[in-house]
Amino acid sequence: MHAQRKKLALLALGLSIAAFWIITNLLTDGTDEADKVASVVAALTALITLGITVLPLLQPRTPDSHKSCRNS
């Protein structure tokens, strides 16, 4: 199960890198500086959001982790 989650996380990371490249390279060609900055900020925000989504997928899930949350 962990291997499947890791593959999914790596796929999401690869897609986010591709999206970042598309936004920063293709959409910013021929535009003014403000549009370039806005595009880069949007791409970074998307990467951070995806990172928050991907990192939990990389963590192994154990039954004990849920028990410790309930007991505290």
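Position 43 of the sequence shown, counting from 1, maps to 43 under the UniProt record's numbering, and the rest follow consecutively.
Even for Gly, the Cβ is constructed at its ideal location relative to N, Cα and C.
If you're wondering where the values come from, they're calculated on a predicted model, not measured in any experiment.
Taking a contact to mean a Cβ-Cβ separation below 8 Å, would you say residue i touches residue j in this structure?
i          : j          : result
residue 23 : residue 3  : no
residue 44 : residue 6  : no
residue 54 : residue 19 : no
residue 46 : residue 16 : yes
In this structure, does DSSP put residue i in helix, strand or coil?
i          : result
residue 56 : helix
residue 35 : helix
Can you list, in chain order, the residues of its chain whose CB lies under 7 Å from that of residue i, leaving out five sequence neighbours each side?
i          : result
residue 50 : 12, 16
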